[in-house]
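Q: In the numbering used here, the protein residues as written are 382 to 806.
Every residue, glycine too, gets a C-beta built ideally from N, C-alpha and C.
Okay, here's the structure, questions in a sec.
Structure below.
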């Protein structure tokens, strides 16, 4: 949804000399259905542009200032959206905790994430994900085109990708071959979720061929394996209507997710011993040296279990390594990491209540991928797909969405009814 400057100016002009309550009643539908969602989508668009520029070879943007802009846009959307008093209470608590995290570490990612999730109130999930899909796909196509034309970005990289082997792999302007296949995986997961009712056997075959072609270009074994797994699992669900409505599949999804966390914790624990234990060294080679790097890649041993703290401390966000779940615990701290883990489990359980099997597949596939890659654990909100599902299902998940809604200025008195009920579809 979009709105024009002319329409906004017209509404403001009409407001002059008009009774506020009458003006509000007359323009309420337009404001709630067009202007307010437009604020959210404006913030999301800026976040998407920041993300796309970051993965390309374009000149870097002033991210700090732009992140403040998007936070203010999402905060404004939060303020003008009605919600229950329980929702306001939960929001206040999370904002206080995220604010304390920001004041101590200097990192605003949690504050921005909380504002984004809260701003999703009243925004339909599928249209928001479709917007994310279209803009991201369009941005990637533009960057690929610019690289092929020689304007900006490398088409390929020739370097030592594996020890002792000089290879040429294609990145097509997306920074790194692994990044290219990663974006293909992310876009494919979005596509299968949004258009799951339009999938067919022929489309699955075409998708698989595209994955093979992407593997030929990038030689990214991890992304190829996870993408193949996602295609096969989705195809099995596509063929079985009975499986789509089964409850036990969500239990399996939770078990797999917890297994991903457990494997990551184990990797952080044994990272020091990979150089002296032949079995661990063999396992580490399967992970392309990622486990070893957790301990041996930096003097601070950033990522190893001994470097984890109960809560994040300043400087932890300066270290980057591939294993995503390990990065989450290292960056945010053990206790916040466990809270995030519980929230993910609750989200999968909430997907069961909504019979949203494709959301469960998406979340679990991303969880498996995040064992080895850290695409989702970053300062870029547009990468973190689960945030959209928290926004759609969060109130129901925490049982705070029932009751009369009010705006933040009416929390302590009976206020006007708020925005439209949250919808997952």
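Flag this pair as yes or no: are the beta carbons of residue 730 and residue 428 separated by less than 7 Å?
A: On the chain shown, residue 730 is found 349 positions in, with the first residue counted as 1. On the chain shown, residue 428 is found 47 positions in, with the first residue counted as 1. No, the pair does not count as a contact, with Cβ atoms beyond the cut-off.
Q: What do you reckon, are the CB atoms on residue 676 and residue 697 nearer than 7 Å?
A: The residue you call residue 676 lines up with position 295 of the chain shown. The residue you call residue 697 lines up with position 316 of the chain shown. Going by C-beta atoms, residue 676 is not nearer than 7 Å to residue 697.
Q: Kindly indicate if chain D contains any beta-carbon less than 7 Å away from that of residue 530.
A: The displayed structure is made up of one protein chain only, and chain D is not part of it.
Q: Compute the Euclidean distance between the alpha carbons of residue 638 and residue 445, then round it to the nearest angstrom.
A: Here residue 638 refers to the residue found at position 257 of the chain shown. Here residue 445 refers to the residue found at position 64 of the chain shown. Looking at the two C-alpha atoms, the distance is approximately 33 Å.
Q: What are the start and end residues of the beta strand (DSSP E) that includes residue 548?
A: The sequence position of residue 548 within the chain shown is 167, counting from 1. It spans 546–551 - the beta strand (DSSP E) in which residue 548 sits, taken as one unbroken run.
Q: For residue 486, which of 695, 757, 761 has the nearest alpha-carbon?
A: Position 105 of the chain shown, counting from 1, holds the residue named residue 486. Shortest Cα-Cα distance from residue 486 to any of 695, 757, 761 involves 695.
Q: Could you check the C-alpha separation between residue 644 and residue 608 for me, to the nearest Å?
A: Along the chain shown, one-based indexing puts residue 644 at 263. Along the chain shown, one-based indexing puts residue 608 at 227. Their backbone Cα atoms lie some 20 Å apart in a straight line.
Q: Starting from the N-terminal side, write out each stretch of the alpha helix (DSSP H) that is 4 residues or longer and does not extend beyond the stretch 663–738.
A: 671–677, 705–713, 715–734
Q: Name the one or two DSSP bridge partners that residue 787 has.
A: Reading the chain shown from its first residue, position 406 is the one you call residue 787. According to DSSP, residue 787 bridges with 464.
Q: Can you confirm whether the stretch 558–566 touches the stretch 599–607 when touching is taken to mean that 3 or more C-beta pairs between the two stretches lie within less than 8 Å?
A: yes
Q: Would you mind reading off the limits of the alpha helix (DSSP H) that contains residue 418?
A: By 1-based counting over the chain shown, the position of residue 418 is 37. That run of the alpha helix (DSSP H) goes 417–436.
Q: Can you list the alpha helix (DSSP H) stretches of 4 or more residues lying completely in the stretch 752–784, in chain order?
A: Segments of the alpha helix (DSSP H) lying fully in the stretch 752–784: 767–778.
Q: Quick check: residue 770 and residue 509, are their CB atoms within less than 7 Å of each other?
A: Working through the chain shown from its first residue, we reach residue 770 at position 389. Working through the chain shown from its first residue, we reach residue 509 at position 128. Note that the C-beta distance between residue 770 and residue 509 is not below 7 Å.
Q: Comparing alpha-carbon positions, which option in 651, 686, 627 lies nearest residue 351?
A: Nothing about residue 351 can be reported from this structure: the residues present for the chain run from 382 to 806 only.
Q: Where do the N-terminal and C-terminal ends of the alpha helix (DSSP H) with residue 365 fall, by residue?
A: In the structure as shown, the chain begins at 382 and stops at 806. Residue 365 is therefore absent and cannot be evaluated.
Q: Can you give me the C-alpha to C-alpha distance between residue 699 and residue 783, rounded to a whole angstrom?
A: Position 318 of the chain shown, counting from 1, holds the residue named residue 699. Position 402 of the chain shown, counting from 1, holds the residue named residue 783. Cα to Cα, the separation comes out at about 41 Å.
Q: For residue 740, which option in 774, 719, 722, 754 has the closest C-alpha, if you only look at C-alpha atoms?
A: By one-based count along the chain shown, residue 740 stands at place 359. Nearest C-alpha to residue 740: 774.
Q: Compare the Cα-Cα distances from residue 497 to each of 590, 702, 418 and report the closest residue.
A: Numbered from its first residue, the chain shown carries residue 497 at position 116. It is 418.
Q: How many whole angstroms separate the CB atoms of residue 688 and residue 682, which I take to be in contact at a CB cut-off of 8 Å?
A: As a working note, residue 688 is residue 307 in the chain shown. As a working note, residue 682 is residue 301 in the chain shown. Contact flag correct, Cβ pair sits at about 5 Å.
Q: How far does the alpha helix (DSSP H) with residue 574 in it extend, from its first residue to its last?
A: Along the chain shown, one-based indexing puts residue 574 at 193. Unbroken alpha helix (DSSP H) run through residue 574: 558–575.
Q: Residue range of the alpha helix (DSSP H) that residue 528 falls in?
A: Residue numbering aside, residue 528 sits at position 147 when the chain shown is read from its first letter. Looking at the DSSP string, the run of the alpha helix (DSSP H) that includes residue 528 is 506–529.
Q: Please state whether DSSP places residue 645 in a helix, a strand or coil.
A: In the chain shown, the residue the question calls residue 645 occupies position 264. The DSSP-derived three-state label of residue 645 is helix.
Q: By a C-beta neighbour count over all protein chains shown, 10 Å radius and 16 as the cutoff for buried, is residue 780 buried or exposed?
A: Residue numbering aside, residue 780 sits at position 399 when the chain shown is read from its first letter. Exposed, because fewer than 16 other Cβ atoms sit within 10 Å of the Cβ of residue 780.
Q: Inspect the CB distances between the stretch 526–543 and the stretch 431–438 and report whether three or more fall short of 8 Å.
A: yes
Q: In or out: residue 515 buried (at least 16 other Cβ within 10 Å) or exposed?
A: Numbered from 1 along the chain shown, position 134 holds the residue referred to as residue 515. By the 10 Å Cβ count, residue 515 comes out exposed.
Q: Report yes if the CB atom of residue 591 is closer than 7 Å to the CB atom of residue 562, and no otherwise.
A: Indexing the chain shown from 1 puts residue 591 at position 210. Indexing the chain shown from 1 puts residue 562 at position 181. No, the Cβ-Cβ distance between residue 591 and residue 562 is not below 7 Å.
Q: Would residue 615 pass as a contact of residue 420 if the rule is Cβ separation under 7 Å?
A: Residue 615 sits at position 234 when you count from the first residue of the chain shown. Residue 420 sits at position 39 when you count from the first residue of the chain shown. It is not a contact, given that the beta carbons lie outside the stated cut-off.
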